[in-house]
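Written out below as structure tokens is the structure these notes cover.
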Amino acid sequence: MENPFDVAGFLVAHRASVLASADVEVVGRRLPHYEAAGAQETSKRLAALFDVVVIAATEKQLDIALAHADHIAAEREQTGHDLSELQRAINALEEQLWHAVTEDAPVDAQGFALGMVSTILGAVKDRLACEYVSRAAGKPTHTLR
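The sequence shown begins at 84 in the numbering used here and counts up one residue at a time.
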């Protein structure tokens, strides 16, 4: 039985508040490469990831999320970002999405919404980690799943 809750629509409706809170979280985590990039670039990156989550939730498909993780891995690895910085920035967005769901989604839809958000961002973090390890080791690394 498919859950009728529109996760993507919910996320779109909460976009501004989630992104504003995620920006604050990333700044508070004092991530060196994000500080160097500046507030505008950090906001742009978080917004791009947020939009990927919305598309993946709409399509109920991880392809765009995995492609985005590949793009992030290639781009950030070239600029010397540490994997932990990327993971912490993604976690900041994920936490704010959780807050929005637990505070504003109907109680009976929260499990479905949290599961979808966590699945999408978990896949992004997993792919990102695999790509980083592959680049560092010089050979492909695959997920354990």
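Backbone N, C-alpha and C define an ideal beta-carbon position, used for all residues, glycine too.
All values derive from a computational prediction rather than experimental measurement.
Taking residue 161 as reference, the option from 101, 144, 116 and 91 with the minimal CA-CA separation is 116. Cβ contact annotation for residue 215 (same chain, cutoff 7 Å, sequence separation greater than five): 156, 160 and 166, in chain order. A straight-line Cα-Cα distance of about 11 Å links residue 96 and residue 188. Here residue 202 carries a helix assignment [DSSP, helix/strand/coil]. The Cβ neighbour count for residue 106, taken over all protein chains shown within 10 Å, is at least 16; the residue is labelled buried.
In the three-state scheme derived from DSSP, where H, G and I count as helix and E and B as strand, residue 188 is classed as coil. If you keep only unbroken beta strand (DSSP E) runs of at least 3 residues inside the region 130-196, you get nothing at all.
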